[in-house]
Amino acid sequence: MNELIMIQETEKWVKTQLENEGTGHDWHHIRRVTKQAKEMAKVEGADEVIVTLAALLHDLIDDKVVESEEEGLKQVTQWLTSIGTTAAQRQHIITIITTMSFKGGTNKPVTTLEAQVVQDADRLDAIGAIGIARTFIYAGSKGDPMYDPNLAIRDSLTLKEYRNGRSSAIGHFYEKLLKLKDLMNTKEGKKRAELRHQFLEEYLQQFLQEWN
Ligand code: ADP
Ligand code: NI
C-alpha cells in the first residue's frame with residue numbers, strides 16, 4: 002500500500018473503532034489532533050507518515066475506549082501490520098502512543114520529534130475553547146459539578162487549596178489545563194498554545210466573576 006492509502010484506510014478504521022465514543026475521545030478529537038499534528042510536522046521537519054498514523058491511533062489504547070491497554074495495543078499492532086508498515090515504523094508508532102498520554106506524574110517524557118509533535122497536538126486540543134468544552138463534557142459524564150468553591154479556592158490564578166478525591170470541571174483547569182502551555186515540547190506547539198492558554202485564563206476570570 003502506498004502511504005496515502007495507508008493513511009486513508011487507517012482513518013476509516015479509526016472512525017469505526019470510535020463510533021459511540023462519548024468521553025471526549027471521539028472521531029472529531031482525532032480529526033482535529035491529526036490535522037494540527039500534520040501541520041506541525043511540516044514546520045518542525047518531523048516524519049509526516051509516522052506523525053499522521055500515530056495521531057490517528059493515539060487514543061485507541063486508552064482504557065476508556067478499549068477494554069485494556071494491552072488489548073488496544075494488540076489491535077493497533079495487527080492493524081499496522083495489515084496495512085504494510087515496516088517493523089521500524091510500527092515500533093515507533095507504538096512507542097509514541099504508549100508514552101505520550103498525560104497520566105499524572107508517572108509518564109515518561111517523549112523522546113522523538115515525532116512523539117513530541119503528536120503529544121503537542123493532543124495537548125492543544127485540551128486547551129482553548131474546545132478544551133473547555135471537552136472538560137465540561139467529561140466532568141458531566143462523571144457526575145462531577147462544573148464548580149464547587151469548597152473544593153477549589155482560587156487565589157489569583159494559582160490553586161490555594163485543593164482537596165483530594167473530588168474534582169470539578171473548573172478544578173481540572175488547575176489540575177491540568179493551565180499547566181499544558183509550559184509542557185509543550187516543540188517551538189511550533191508553544192506558539193500554538195499561547196492564544197488558547199490566554200483564552201483559558203480569560204474564561205476562568207469571567208466564570209468566577211459571574212459565579213461570585
Ligand atoms: P486526551 O489524552 O485525549 O487529552 P484524556 O482522557 O486525558 O484524553 O481527557 C479527555 C478530555 O477530558 C480532555 O479534554 C481532558 O482535559 C478532559 N478531562 C480529563 N480528566 C478530566 C477531569 N477529571 N475533569 C474534567 N475533564 C477532564
Ligand atoms: Ni487524545
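Using my numbering, the first residue of the sequence shown is number 2, and each one after it goes up by one. Beta carbons: idealized from backbone N, C-alpha and C, even for Gly.
Asked                                                                                      : Found
Residues near Phe200 by beta carbon distance below 6 Å, same chain, minus five either side : Gly129
Distance cut-off 8 Å: Glu40 Cβ against heavy atoms of the ligand ADP                       : no
Contact under 9 Å by Cβ, Glu70 with Thr99                                                  : yes
Distance between Leu58 and Ser168 (C-alpha atoms, nearest Å)                               : 29 Å
Neighbour-count burial assignment, Gly172, 16 or more Cβ in a 10 Å radius                  : buried
Check: Ile31 C-beta below 8 Å from any heavy atom of the ligand NI                         : yes
Any non-hydrogen atom of the ligand ADP closer than 8 Å to Ser69 Cβ                        : no
Any non-hydrogen atom of the ligand ADP closer than 8 Å to Tyr139 Cβ                       : yes
Residue from His26, Leu61, Val119 with nearest C-alpha to Ala47                            : Val119
Any non-hydrogen atom of the ligand NI within 8 Å of Asp64 CB                              : no
Collapsed DSSP secondary structure at Glu68 in the structure displayed                     : coil
Three-way DSSP call (helix, strand, coil) for Val111 in this model                         : coil
Helix, strand or coil at Ser168 according to DSSP, with G and I counted as helix           : coil
Proximity below 9 Å, CB of Gly215 to CB of Leu125                                          : One cannot answer for residue 215 here, as it falls past the ends of the chain, which runs 2 to 213.
Met41: first and last residue of the uninterrupted alpha helix (DSSP H) it sits in         : 28-45
Which listed residue (Gly144, Gln18, Met2) has its alpha carbon closest to that of Asp63   : Gln18
Buried or exposed (CB count within 10 angstroms, at least 16 for buried), Ala224           : Nothing about residue 224 can be reported from this structure: the residues present for the chain run from 2 to 213 only.
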